[in-house]
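Quick note on numbering: the numbering used here labels position 159 of the sequence shown as 160, and the sequence is numbered without any gaps.
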Amino acid sequence: MIKFSPIYFDELDSTNTKCKLLARNGAPHGTAVIAASQTAGKGRLGRRFCSPKGSGLYCTVLIREGFDIETTSLITPCAAVAAAKAIEEVSGQAAQIKWVNDIFMGGRKLCGILTEASLPDFAVIGIGINLLNDKKNLPEELHSIVTSVEEQTGRIVTPKEMEKALLYHLSEELSQLKSKEFIPEYKKRSFLIGKEVDVHSGNDVFPAKVIGIDDNAELIISLQNGKTMTLFSGEVSVRIK
Ligand code: BTN
2 MIKFSPIYFD ELDSTNTKCK LLARNGAPHG TAVIAASQTA GKGRLGRRFC
52 SPKGSGLYCT VLIREGFDIE TTSLITPCAA VAAAKAIEEV SGQAAQIKWV
102 NDIFMGGRKL CGILTEASLP DFAVIGIGIN LLNDKKNLPE ELHSIVTSVE
152 EQTGRIVTPK EMEKALLYHL SEELSQLKSK EFIPEYKKRS FLIGKEVDVH
202 SGNDVFPAKV IGIDDNAELI ISLQNGKTMT LFSGEVSVRI K
């Protein structure tokens, strides 16, 4: 189990950026950086993560142990199980995981995860969870795509309550990273299995049907020509049709 040591900030550009800086300066395994707001919250594939003050939990944890080069790609799926369990605990409602790094409720995204690794020394795992409705601070095009714990359940969960649940579940799940015991929980919550999707890979876009997730948390898809393909997270993104 990891004993997390949180450090709190009122505002940061990005908790991931701050945590990486602290890591390069020798911060220990288990350091957790938490900000009330972020001015440049980062998402996967160069996207932004909207992080208005008080509306969500914006948290990055530093790990130096419990993973190696082979298991680095499992960190995000493992953290996704922890985030889903934490959200379920505080909200009382089931959460699903959209491969590879998003947590969904009611068909919309309420949490994103961005892992950045500097091998072999450390990895930082950044997790953003939308707690309150704050549509006025969200770009119009995201209104129908994102949601919050409040919107889905009517519950007002504070960042502090969410932090407590998240750090507890991260500690539990990350201890199962190498043994891959978290994989069945990841599969069980899959939002994509059975869905028709468009796969975006570099400049390519192609249609597919998601048929499963394997024991390395990779996505198994069936192509229109009947062939099966396995997708590694890397630079690939999947959009539901
Ligand atoms: C995504 O949706 O693609 C991932 C979003 C990750 C957002 C979190 S918020 C806390 C941490 N700091 C960041 O800059 N990003 C992550």
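All C-beta atoms in this analysis are idealised placements derived from N, C-alpha and C, irrespective of residue type, glycine included. Computed from a predicted model, the values in this text were never measured in an experiment.
In the DSSP annotation of this structure, the continuous segment of the beta strand (DSSP E) that includes Pro7 starts and ends at 6-13. In the DSSP assignment, Thr40 forms no beta bridge with any residue. In this model, Lys43 and Lys228 are separated by some 35 Å (Cα to Cα). Secondary structure note for Ala124: its beta strand (DSSP E) is the uninterrupted segment 123-131. Between Glu66 and the set Phe5, Arg190, Lys136, the nearest pair of CA atoms involves Phe5.
DSSP, read as helix, strand or coil, puts Lys136 in helix.
Counting along the chain, Cys51 sits inside no beta strand (DSSP E), nor does DSSP assign it H or E at all. Within the same chain, Val91, Ser92, Gly93, Val150 come within 8 Å of Arg156 by CB-CB distance, once the 5 residues on both sides are set aside. Residue nearest to Glu141 within the set Leu132, Phe233, Cys51 is Cys51 (criterion: CA-CA distance). Straight through space, the alpha carbons of Thr61 and Leu167 are spaced by roughly 11 Å. Three or more pairs of CB atoms, one per stretch, sit closer than 8 Å, so the segment 210-221 contacts the segment 180-193.
As DSSP reads the structure, Phe207 sits in a beta bridge with Val200. In this structure, the alpha-carbon of Gln225 lies about 44 Å from that of Val158. Rounded to whole angstroms, Glu219 and Glu173 show a C-alpha spacing of 22 Å. The beta carbon of Arg109 lies closer than 7 Å to those of Ile146, Val147, Thr148 in the same chain, with the five residues before and after it left out. Relative to the ligand BTN, the nearest heavy atom lies less than 8 Å away from the CB of Tyr59. Judged by their CB atoms, Phe123 and Leu58 are not nearer to each other than the 9 Å cut-off. Taking every protein chain shown into account, the CB of Glu164 has 16 or more other CB atoms within 10 angstroms, so this residue is buried. Pairing Ala95 with His170 gives a Cβ-Cβ distance that is not under 9 Å.
In the DSSP assignment, Glu117 forms a beta bridge with Val125. In this structure, the straight-line span from the alpha carbon of Thr16 to that of Arg49 is close to 13 Å.
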